[in-house]
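Taking it in order: structure first as structure tokens, then the write-up.
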Amino acid sequence: MRFVIMPKQVNAIPANRQRPHASATDLTQPRANPCQAQVYTVSAPPSDNALRGVYRGRIIKTKVYRQWIAATTGLITWQRLKAGYPKQPIAGRCALHMDVGYNSRRDLGNYVKAIGDILQQARVVLNDKQFHTIHMDWAEGVEGVRIEVWPMVAS
Numbered sequence: 029m030r031f032v033i034m035p036k037q038v039n040a041i042p043a044n045r046q047r048p049h050a051s052a053t054d055l056t057q058p059r060a061n062p063c064q065a066q067v068y069t070v071s072a073p074p075s076d077n078a079l080r081g082v083y084r085g086r087i088i089k090t091k092v093y094r095q096w097i098a099a100t101t102g103l104i105t106w107q108r109l110k111a112g113y114p115k116q117p118i119a120g121r122c123a124l125h126m127d128v129g130y131n132s133r134r135d136l137g138n139y140v141k142a143i144g145d146i147l148q149q150a151r152v153v154l155n156d157k158q159f160h161t162i163h164m165d166w167a168e169g170v171e172g173v174r175i176e177v178w179p180m181v182a183s
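Okay, structure coming up:
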């Protein structure tokens, strides 16, 4: 099985989650506010049972999972550059919100590990242990997974 991921139009973002951006002529200002969400859309990861396998007594990532990681890392990097998000990973505590396209054969919990791993691999966060809050919803009209990473500001 080979994954080919093409960038898709992201559905309309609700008003309370608007992504900041600067005008095309204003290149001196950073385009993204570090206190607002970074938003990515990726294909659904392989099933939880297809993430890892055993080879000669060792637990390894399956070929399907390695292919999904390679394709999705490139897609997240491309979306990150296009949106103008900071190149350095988020260093502090984060909140993770995922809108998952409805699939009656899977449960939401099967998405958490693969999405956390891919955000760490793509250097969106330093470590997936930084997620102190994870919120997930089934969403109609979403293909794959729409991910929001919110830096948590200490109060």
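Residues in the sequence shown are numbered consecutively from 29, following this note's numbering.
For every residue, glycine included, the Cβ atom is placed at its ideal position computed from N, Cα and C.
According to DSSP, is Thr-100 part of a helix, a strand, or is it coil?
helix
Does the Cβ of Asp-165 have 16 or more other Cβ atoms within 10 Å, making it buried, or fewer, making it exposed?
exposed
With a 10 Å radius around its C-beta and 16 neighbouring C-beta atoms as the bar for buried, classify Val-32 as buried or exposed.
In this predicted model, Val-32 has a pLDDT of only 44, less than 50, meaning its place in the structure is not dependable; the value taken from the coordinates is given anyway. Exposed, because fewer than 16 other Cβ atoms sit within 10 Å of the Cβ of Val-32.
Bridge partners of Leu-124, per DSSP?
Ile-162, Val-177
Delimiting residues of the alpha helix (DSSP H) encompassing Ile-87:
It is not in any alpha helix (DSSP H) - Ile-87 instead sits in the beta strand (DSSP E) that spans 86 to 89.
Take the Cβ of Thr-53 as the centre, count every other Cβ of all protein chains shown within 10 Å, and call the residue buried at 16 or more, exposed below.
At Thr-53 the pLDDT is 40, less than 50, meaning the model places this residue with poor confidence and gives no usable figure here.
CA-CA distance, Leu-154 and Arg-121?
10 Å
Below 8 Å, how does it come out for the segment 62 to 73 and the segment 167 to 183: are there three or more Cβ pairs, yes or no?
yes
Could you tell me whether the segment 95 to 111 touches the segment 141 to 158, where touching means 3 or more Cβ pairs closer than 8 Å?
yes
Beta-carbon contacts of Glu-171 that lie in its chain and below 6 Å, excluding the five residues immediately before and after
Gly-129
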